[in-house]
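Number of protein chains: 2
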Amino acid sequence: MKRTALIMAGGKGERFWPESRISLPKQFLHLTDEKKSMIQLTVERIHPLVEYEDIFISTGEIYRDLVKEHLPQIPGENIICEPEGKNTAPCIGLGAAHIYSRYGGEDPVMIVLPSDHLIKQTDVFIKTLDKACHNACLGDNLVTLGITPTYAETGYGYIRFENDAVNDHDSDIPVYPVREFVEKPDKVTALKYLNDGRYLWNSGMFVWRISTLRKAFEIHLPDTFKSLEKIRHSIGDDSYKETLTHEFSEILSESIDYGIMEKSENIFILPGRFGWDDVGSWPAIARVNETDAKGNLTRGNTVLLDCDNCIVKGTDERLVAAIGMKDTIVVDTKDVVLIAQKDKCADIKTLLKTLRENDKDKWL
Amino acid sequence: MKRTALIMAGGKGERFWPESRISLPKQFLHLTDEKKSMIQLTVERIHPLVEYEDIFISTGEIYRDLVKEHLPQIPGENIICEPEGKNTAPCIGLGAAHIYSRYGGEDPVMIVLPSDHLIKQTDVFIKTLDKACHNACLGDNLVTLGITPTYAETGYGYIRFENDAVNDHDSDIPVYPVREFVEKPDKVTALKYLNDGRYLWNSGMFVWRISTLRKAFEIHLPDTFKSLEKIRHSIGDDSYKETLTHEFSEILSESIDYGIMEKSENIFILPGRFGWDDVGSWPAIARVNETDAKGNLTRGNTVLLDCDNCIVKGTDERLVAAIGMKDTIVVDTKDVVLIAQKDKCADIKTLLKTLRENDKDKWL
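So, in structure tokens, the structure goes:
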């Protein structure tokens with residue numbers, strides 16, 4: 000079985016501002032590991048299963064050099080730059096076009112992964128992913144990894160699976176048929192899903208054979224498929240960039256979940272029990288790192304007095320001093336310091352909008 | 000009547016850290032005025048009453064150049080540098096020695112003022128101070144200005160005055176005999192003083208003739224007086240600095256309130272109704288400056304979202320962003336940012352102690 004992977008690294012990561020910037024989004028930050036960025040950890044994590052030369056990175060043109068810098072082991076021609084963001088369906092379709100162009104005859108398995116999630120137990124992750132690969136090859140299966148909910152999160156999509164696993168009853172990693180994909184629920188619904196036991200969080204991780212995905216695009220997103228085929232035929236030609244830019248400008252912006260998964264048959268899901276965290280915002284940093292006895296997480300030069308449950312990220316040059324703060328995020332950088340209540344971190348996007356509207360783009 | 004003034008500018012101003020530093024204490028900051036420092040405002044304020052050449056500045060040796068820079072109009076020989084801080088009695092006594100040495104024969108009035116307080120109504124202040132000068136010349140009177148309490152402050156000393164003013168009943172600035180000086184009260188006592196109506200806050204502003212003060216020192220602090228006389232005799236000699244250093248090392252550390260005022264007769268007080276504020280800590284800054292509709296005071300580059308009653312001091316270079324903060328002080332400087340709950344600002348001193356103990360002196 001030939002395995003390939005597409006790592007999606009086009010995100011802007013506004014939620015980690017001011018450490019993340021337009022010029023340095025989340026996937027390039029050291030949020031969960033002092034030495035390695037999120038994207039470096041993602042690549043290292045799947046390397047036991049996929050050779051570097053078979054790992055493709057999807058990103059934006061402005062991040063090409065950053066990707067090269069963070070991932071020198073990945074061949075330059077495996078960095079696929081989208082001319083513009085059109086959500087996950089075109090992103091994955093473009094990746095599939097490149098993989099098909101290179102390995103089409105072998106009908107390889109394609110693993111799709113976000114570049115900025117944390118997985119604590121790599122061995123369990125690899126075992127689960129391997130099982131997903133095998134299931135993907137059993138037929139025209141679209142396979143996804145789900146995460147067992149641990150609380151009633153309203154920020155994720157959920158996936159409802161059928162009661163009976165399709166594989167051996169003695170397997171420690173069951174494979175379930177998917178009944179339906181559901182959008183981000185309200186609090187009451189999320190609680191219902193949590194207690195139901197047959198719902199998993201949508202992790203955005205997928206596994207399928209190239210031929211399976213191509214068929215799904217052809218059936219469910221035929222116009223997108225036509226554009227992607229034109230792009231695929233231009234790969235290796237001088238016309239590639241022009242074709243890519245033109246077709247992408249016309250292509251429908253669509254998520255893979257809504258555009259393909261929700262409309263398909265033969266969807267399977269494997270519960271991921273490998274310590275997953277999407278590290279979606281500043282408060283998550285305290286969840287995935289060790290804190291002191293008062294629940295504070297500190298980095299860089301800091302001095303805290305009478306503070307509880309705070310995240311204080313200083314630098315090696317400046318000093319951050321905090322007195323009497325509770326549930327507060329402080330992120331200091333060379334040119335910006337952010338102070339936010341933990342439960343208001345989602346408003347960073349609004350704040351960035353304000354900056355844009357007030358000609359303060361230099362701090363974005 | 001010859002008028003002189005001694006402005007006490009030896010304070011370390013820890014409470015305005017990190018804007019104030021060991022190398023730049025409060026009196027040199029622009030806390031209440033964008034263009035002028037506290038000490039510049041103090042000197043300008045009394046200039047209608049006292050010539051620049053008759054204004055003396057008491058400070059520490061390390062601040063001599065800063066005083067010169069902030070007050071080029073004051074003659075260099077009027078800058079009196081204490082070898083070490085010994086509280087207000089020796090400070091004022093040393094100032095008196097210099098003034099007596101220069102103008103002794105004229106028995107000038109000596110006005111003593113802190114260098115770091117705010118007075119909003121200069122005209123009323125000058126009128127009050129002028130009246131105090133006249134009262135000081137009526138006899139051997141030690142005169143002080145008190146502030147009518149507006150709330151039950153526990154951080155100030157209080158002064159109880161006698162019921163009947165000694166001057167004209169039709170005067171808009173009454174002069175009362177003082178019954179007693181009282182130390183900083185607890186909350187219950189402060190409330191009692193507030194409601195009593197015969198208590199004023201001790202402002203640390205005094206007026207007396209040089210001869211009156213010299214007599215008071217001779218009676219109540221005879222050892223200190225002897226040391227001060229030795230210093231006085233050395234003024235203008237090469238031995239001055241050595242004498243000053245030696246005598247100051249032996250001199251008793253004592254406040255003028257405890258050492259002289261509380262033990263003296265013939266003390267008078269004038270209620271100061273001129274918009275006084277000692278600007279004693281960060282929260283006071285919001286009290287003496289205009290805030291926005293949500294009670295926020297901002298300076299420099301800032302962006303606030305859903306914040307109330309905050310003080311956010313940025314710089315012209317960096318950006319301070321705050322989300323969802325209430326009653327919080329944020330002070331950003333070139334090398335330090337402080338975040339503190341308003342009611343915990345007094346703990347800055349503890350924080351600085353922690354820095355000292357952890358070899359982080361460079362940020363003091």
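Protein sequence lines, in the order shown, are assigned to chains A and B.
In case it helps, numbering that gives the first Met the number 0 puts the first sequence at residues 0 to 363.
In case it helps, numbering that gives the first Met the number 0 puts the second sequence at residues 0 to 363.
Using N, Cα and C, we set each Cβ at its ideal position, and we do this for glycine too.
Given the structure is predicted, the values throughout are model-derived calculations rather than measurements.
Helix, strand or coil at residue i according to DSSP, with G and I counted as helix
i, result
"Phe273 of chain B", "coil"
"Met0 of chain B", "coil"
"Val187 of chain A", "helix"
"Gly104 of chain B", "helix"
"Pro89 of chain A", "helix"
"Ser202 of chain A", "strand"
"Asp122 of chain A", "helix"
"Gly138 of chain B", "coil"
"Asn359 of chain A", "According to the sequence provided, residue 359 of chain A is Lys. The question's Asn does not apply to it. Lys359 of chain A falls in the coil class under three-state DSSP."
"Asp195 of chain B", "helix"
"Ala339 of chain B", "strand"
"Val111 of chain B", "strand"
"Ile158 of chain A", "strand"
"Ile375 of chain B", "Absent from the structure is residue 375 of chain B, since the part of chain B shown begins at 0 and ends at 363."
"Leu30 of chain B", "coil"
"Thr349 of chain A", "helix"
"Leu117 of chain B", "strand"
"Thr223 of chain A", "helix"
"Gly290 of chain A", "In the sequence on display, residue 290 of chain A carries Thr and not Gly. Correct three-state label for Thr290 of chain A: coil."
Enclosing alpha helix (DSSP H) for residue i [first to last residue]
i, result
"Gly299 of chain A", "Per DSSP, Gly299 of chain A belongs to no alpha helix (DSSP H) and is neither H nor E."
"Ala320 of chain B", "No alpha helix (DSSP H) holds Ala320 of chain B; the beta strand (DSSP E) holding it covers 318-322."
"Gln39 of chain B", "37-45"
"Ala215 of chain A", "209-219"
"Tyr239 of chain A", "239-249"
"Tyr257 of chain B", "255-258"
"Val287 of chain A", "281-287"
Residue nearest to residue i in terms of C-alpha spacing, selected from the options
i, options, result
"Glu152 of chain B", "B:Leu199, B:Val66, B:Thr58", "B:Leu199"
"Met109 of chain B", "B:Asp139, B:Glu83, B:Asp334", "B:Asp139"
"Phe55 of chain B", "B:Leu93, B:Phe27, B:Leu23", "B:Leu93"
"Lys325 of chain B", "B:Phe205, B:Gln340, B:Val335, B:Ser263", "B:Gln340"
"Asp32 of chain A", "A:Lys183, A:His245, A:Val287, A:Ala164", "A:Val287"
"Pro47 of chain A", "A:Gly203, A:Pro24, A:Asp129", "A:Asp129"
"Val278 of chain A", "A:Glu50, A:Cys344, A:His69", "A:Cys344"
"Pro82 of chain B", "B:Lys333, B:Val177, B:Thr244, B:Val311", "B:Thr244"
"Phe205 of chain B", "B:Gly274, B:Ser36, B:Leu269", "B:Leu269"
"Gly10 of chain B", "B:Gln26, B:Lys1, B:Met0", "B:Gln26"
"Ser170 of chain A", "A:Ile91, A:Ile146, A:Ala131", "A:Ala131"
"His116 of chain A", "A:Arg231, A:Ala8, A:Glu60, A:Asp346", "A:Ala8"
"Leu23 of chain A", "A:Asn162, A:Val66, A:Asn295", "A:Val66"
Residue i vs residue j beta-carbon contact at 7 Å
i, j, result
"Thr223 of chain A", "Ile250 of chain A", "yes"
"Leu112 of chain B", "Ile21 of chain B", "no"
"Gly313 of chain A", "Thr327 of chain A", "no"
"Asp53 of chain A", "Thr3 of chain A", "yes"
"Asn86 of chain B", "Ser254 of chain B", "yes"
"Ser57 of chain B", "Ile79 of chain B", "yes"
"Pro17 of chain B", "Leu351 of chain B", "no"
"Asn335 of chain B", "Leu318 of chain A", "Position check: residue 335 of chain B holds Val in this sequence, whereas Asn was assumed. Cβ atoms of Val335 of chain B and Leu318 of chain A: closer than 7 Å."
"Lys229 of chain B", "Thr242 of chain B", "yes"
"Ile284 of chain A", "Ser202 of chain A", "no"
Contact set for residue i: own chain, Cβ-Cβ below 7 Å, skip 5 residues either direction
i, result
"Arg44 of chain A", "Ile118, Thr121, Phe124"
"Ala95 of chain A", "Met109, Ile209, Leu212, Arg213"
Cut-off 8 Å between Cβ atoms - residues of its own chain near residue i, not counting five sequence neighbours on either side
i, result
"Asp291 of chain A", "Thr297"
"Leu354 of chain B", "Asp360, Trp362, Leu363"
"Ala239 of chain A", "Going by the sequence as given, residue 239 of chain A is Tyr instead of Ala. The answer, listed in chain order, is Ile230, Ser233."
"Asp235 of chain A", "Note on residue identity: the sequence assigns Gly, not Asp, to residue 235 of chain A. Ser100."
Own chain partners of residue i with C-beta closer than 6 Å, once the 5 adjacent residues on each side are dropped
i, result
"Gly323 of chain B", "Asp305"
"Asn194 of chain B", "none"
"Ser263 of chain A", "Leu141, Ala215"
"Pro173 of chain A", "Ala164"
"Pro148 of chain B", "Leu193, Trp200"
"Cys309 of chain A", "Asn295, Met324, Thr327"
Residue i: first and last residue of the uninterrupted beta strand (DSSP E) it sits in
i, result
"Ile61 of chain A", "Per DSSP, Ile61 of chain A belongs to no beta strand (DSSP E) and is neither H nor E."
"Lys312 of chain A", "310-312"
"Glu81 of chain B", "78-81"
"Val329 of chain B", "327-331"
"Tyr175 of chain A", "175-181"
7 Å Cβ cutoff, residue i in contact with chain D
i, result
"Trp362 of chain B", "The structure shown has no chain D; the protein chains it does contain are A and B."
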